[in-house]
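Participant:
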Amino acid sequence: MVLLSLLLIAAITLIVIGAAVDGMLYLASVGTLLLVAGVLCLAVRSVLHRRRPAH
């Protein structure tokens, strides 16, 4: 869960820096891809966690 949190923080940071600094649009693109990857990982974890049988 810590890795996922760090991934999301890094993505948001890259998006902000890429949007703020002129000529760094590629950082915003990379940040967006990381954000999408983090959200997908979170969705997959929640679906897999829900499907486990209760003991």
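All the letters of the sequence shown, read from the start, carry residue numbers 848 to 902 under the numbering used here.
Glycine included, each C-beta is placed from N, C-alpha and C at the ideal position.
How long is the line joining the alpha carbons of residue 858 and residue 892, rounded to whole angstroms?
Facilitator: Here residue 858 corresponds to residue number 11 of the sequence shown, with the count starting at 1. Here residue 892 corresponds to residue number 45 of the sequence shown, with the count starting at 1. Going by the C-alpha atoms only, they are around 19 Å apart.
Participant: So, using beta-carbon positions, are residue 873 and residue 885 closer together than 8 Å?
Facilitator: Stepping through the sequence shown from its first residue, residue 873 is reached at position 26. Stepping through the sequence shown from its first residue, residue 885 is reached at position 38. No; because the gap between Cβ atoms is not below 8 Å, this pair is not in contact.
Participant: Grab me the residues of residue 861's own chain with a C-beta within less than 8 Å of its C-beta, minus the 5 sequence neighbours each way, in chain order.
Facilitator: Here residue 861 refers to the residue found at position 14 when the sequence shown is read from its first residue. Closer than 8 Å at the Cβ level, and outside the excluded window around residue 861, lie 874, 875, 877, 878, 881.
Participant: By how many angstroms is the C-alpha of residue 869 removed from the C-alpha of residue 888?
Facilitator: For the purposes of this step, residue 888 is taken as the residue at position 41 of the sequence shown. For the purposes of this step, residue 869 is taken as the residue at position 22 of the sequence shown. Looking at the two C-alpha atoms, the distance is approximately 31 Å.
Participant: Compare the Cα-Cα distances from residue 854 to each of 894, 863, 883, 895 and report the closest residue.
Facilitator: Position 7 of the sequence shown holds residue 854. Cα-wise, what sits closest to residue 854 is 883.
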